[in-house]
Amino acid sequence: MRKIFSHALLLALLLCTHAVLAQAVPRSAEDFYNRGVERLRREDYAGALADLDRAVALRPDHAESYFWRSFAQDGRARQETDIAKYGDFRKAARADIDKAVALAPDRAMFYKRRAAYWLTFAVEDEEKEKVIEDLTRAIAL
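Quick note on numbering: our numbering labels position 42 of the sequence shown as 432, and the sequence is numbered without any gaps.
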C-alpha cells in the first residue's frame with residue numbers, strides 16, 4: 391500500500407511539474423506579450439524587450455505589444471551608460487509608440503503616452519505642438 395501511495399504521489403508531482411513547465415514556456419504572441427508585460431512590471435527591461443520583440447514578430451498588428459515595448463525601451467535607455475545606445479533605445483521607444491498609435495488610433499492611452507514622450511524630449515517648437523495635438527486627440531476620445 392505504501393508503495394502504491396508513493397508511486398501515485400510521484401506521478402502527481404511529475405504531472406504537476408509538466409503542467410507548470412508547459413505554462414512557463416511561451417508559445418504564442420499572447421504568451422510572450424503577457425510575460426513581457428509581467429517582466430516590465432518587475433522592471434526586468436531586457437527580459438521584457440525580448441518577450442515583447444517576440445510578441446511583435448509573431449503578431450505585428452498587436453498595438454498593445456508596441457505600446458508596452460515603448461516602456462521597456464525607455465527602461466533600457468535609463469539603464470544605459472553608452473550615450474549612443476541610450477539614443478537608440480529612445481528612438482526605438484518613439485517608433486514603438488508611433489506604431490501603436492498607427493495600429494489603434496482610437497486608443498486615448500496611446501496618445502497620452504506619446505504626448506508624455508514629446509513633453510519630455512521635444513526640442514523644437516514644432517515638436518512641442520505635437521504634445522497639444524496628441525492630448526487634444528486623447529481628450530476627444
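Backbone N, C-alpha and C fix where the C-beta goes; we use that ideal spot for every residue, glycine too.
Just so we're clear, the structure is a prediction, and the values are computed from it rather than from any experiment.
### Task
Evaluate Arg468 with the Cβ neighbour count: other Cβ atoms within 10 Å of its Cβ, from every protein chain shown; 16 or more gives buried, anything less gives exposed.
exposed
### Query
By the 10 Å Cβ neighbour count, where 16 or more other Cβ atoms means buried, how is Ala530 classified, buried or exposed?
Only exposed fits Ala530, as fewer than 16 other CB atoms lie within 10 angstroms of its CB.
### Query
Do Phe422 and Asp441 come within 7 angstroms of each other at the CB atom, strictly closer than that value?
yes
### Message
Applying the 10 Å Cβ sphere with the 16-neighbour rule, what's the burial state of Ile487?
### Response
buried
### Task
Measure how close the beta-carbons of Ala485 and Phe500 come, nearest whole angstrom, since I'm counting them as under 8 angstroms.
About 13 angstroms separates the two Cβ atoms, so there is no contact after all.
### Message
Which same chain residues end up closer than 7 angstroms to Glu517 when comparing Cβ atoms and leaving out the 5 residues on each side of it in sequence?
### Response
Trp508
### Query
Rounded to the nearest angstrom, how far is the Cβ of Arg497 from that of Ala445, given a contact under 8 angstroms?
Ala445 and Arg497 do not touch by the CB rule: their CB atoms are close to 17 angstroms apart, not below 8 angstroms.
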